[in-house]
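Beneath this line is the structure, given in structure tokens, with notes to follow.
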Amino acid sequence: MEKLLTFIGMGLATYLTRYTMIAALGQEMPPLLRRWLRYVPPAALAALIAPAALAPRGHLEFGIQAGAVMAGAVIAWRTRSVPGAILGGMAIFWIWKALGL
0 MEKLLTFIGM
10 GLATYLTRYT
20 MIAALGQEMP
30 PLLRRWLRYV
40 PPAALAALIA
50 PAALAPRGHL
60 EFGIQAGAVM
70 AGAVIAWRTR
80 SVPGAILGGM
90 AIFWIWKALG
100 L
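First residue of the sequence shown? That's 0 in numbering that gives the first Met the number 0, and the numbers climb one at a time after it.
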């Protein structure tokens, strides 16, 4: 029952946050808000990936995962593409893993 309530609650939270943006789209967004919202996807991606890649056991480690994350960050910086950074970082990780690094 607890899981069901969690799913329902998260669904409502997602719906309400998206609905408010859809309802607000009838008006023009201020340029400052548009500029701030441009940074949300990279920030969310970094918040999800960084802890798992840089501290997989609860403390800071510099291994193959950290190297792939850093390479992905460089790719993101150079290309300004979130999908490119994800794919590039994954490709580098797999290549290094196949080489036994």
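Positions of the beta carbon are idealized from the N, C-alpha and C atoms, including for glycine.
Residue range of the alpha helix (DSSP H) that residue i falls in?
i          : result
residue 9  : 1 to 23
residue 33 : 30 to 36
residue 87 : 81 to 97
residue 53 : 39 to 53
residue 77 : 63 to 78
Under 9 Å between the Cβ atoms of residue i and residue j?
i           : j          : result
residue 50  : residue 81 : no
residue 47  : residue 53 : no
residue 180 : residue 28 : Beyond the ends of the chain as shown, which are 0 and 100, falls residue 180; an answer cannot be given.
Would you grab the beta carbon distance between residue i and residue j for me? Rounded to a whole angstrom, and I think it's under 8 Å.
i          : j          : result
residue 85 : residue 71 : 7 Å
residue 74 : residue 62 : Going by Cβ atoms, the distance from residue 74 to residue 62 rounds to 19 Å, so no, they are not a contact pair.
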